[in-house]
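One structure is given here, and the rest of the page talks about it.
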Amino acid sequence: MSNIILGLIFVAISIWVYLTTRTMPKPARFPGPGFFPGLVALGLLATSSLLVLQGVRTLLRTRRITIPHLKGASNFLTVVGAVFLYLFLSPHIGFFLSSFLALFLVMLKLRARVYWALIAALVTAALTKALFDYVLHVPLPKGPLPGGW
Numbered sequence: 025m026s027n028i029i030l031g032l033i034f035v036a037i038s039i040w041v042y043l044t045t046r047t048m049p050k051p052a053r054f055p056g057p058g059f060f061p062g063l064v065a066l067g068l069l070a071t072s073s074l075l076v077l078q079g080v081r082t083l084l085r086t087r088r089i090t091i092p093h094l095k096g097a098s099n100f101l102t103v104v105g106a107v108f109l110y111l112f113l114s115p116h117i118g119f120f121l122s123s124f125l126a127l128f129l130v131m132l133k134l135r136a137r138v139y140w141a142l143i144a145a146l147v148t149a150a151l152t153k154a155l156f157d158y159v160l161h162v163p164l165p166k167g168p169l170p171g172g173w
């Protein structure tokens with residue numbers, strides 16, 4: 025049942041994102057700002073539709089409805105909380121530190137070892153910062169560390 029509910033939520037989100045990308049400007053020669061988000065939205069629509077179908081098949085096969093496990097709900101709420109933590113902190117301490125902190129806390133909640141959570145959060149935040157700043161030239165919130173990190 026949870027696959028059906030989450031699948032329908034993501035179907036709605038993907039349709040909304042896709043329709044939003046259609047309103048973005050379209051340059052003559054290059055893909056516009058809505059090209060990549062539109063592709064991601066279509067991919068999300070396809071996979072979430074498959075999730076709904078899988079949930080319906082499972083429900084018809086078992087013919088019973090179960091309550092989703094609370095551990096999964098706790099993990100979901102942790103990720104949502106980390107996103108809000110990032111959104112609140114990034115204007116104040118920058119992208120690198122806020123994303124590192126959010127990733128590190130999520131990994132600790134998911135019971136990763138502290139050492140590996142620290143390394144994974146550091147590498148992920150650094151690679152993402154480098155990719156967006158130096159390769160894609162997308163401005164990210166500047167932090168207090170030298171070089172805007």
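As numbered in our numbering, residues 25 to 173 make up the sequence shown, in order.
Each residue gets a CB set at the ideal place from its N, CA and C atoms; glycine is no exception.
In this structure, Phe-156 sits near Leu-164, with a CB-CB distance shorter than 9 Å.
Between Val-162 and the set Leu-43, Thr-47 and Pro-57, the nearest pair of CA atoms involves Pro-57.
With respect to the C-alpha of Gly-118, the residue from Tyr-139, Val-103, Ala-136 and Lys-153 having the closest C-alpha is Lys-153. Cβ contact annotation for Ser-122 (same chain, cutoff 7 Å, sequence separation greater than five): Tyr-110, Leu-113 and Ser-114, in chain order.
Taking a cut-off of 8 Å on C-beta distances, the stretch 68 to 79 touches the stretch 34 to 44, as three or more cross pairs fall below it.
Nearest to Ile-28 by alpha-carbon distance, out of Ala-150, Arg-81, Leu-129 and Val-147, is Arg-81.
Going by C-alpha positions, Phe-128 is about 10 Å away from Arg-137. Around the Cβ of Ala-97, a 10 Å sphere holds fewer than 16 other Cβ atoms; the residue is exposed. Straight across, the Cα-Cα distance linking Thr-102 with Trp-140 is about 19 Å. In this structure, the alpha-carbon of Leu-83 lies about 19 Å from that of Leu-94.
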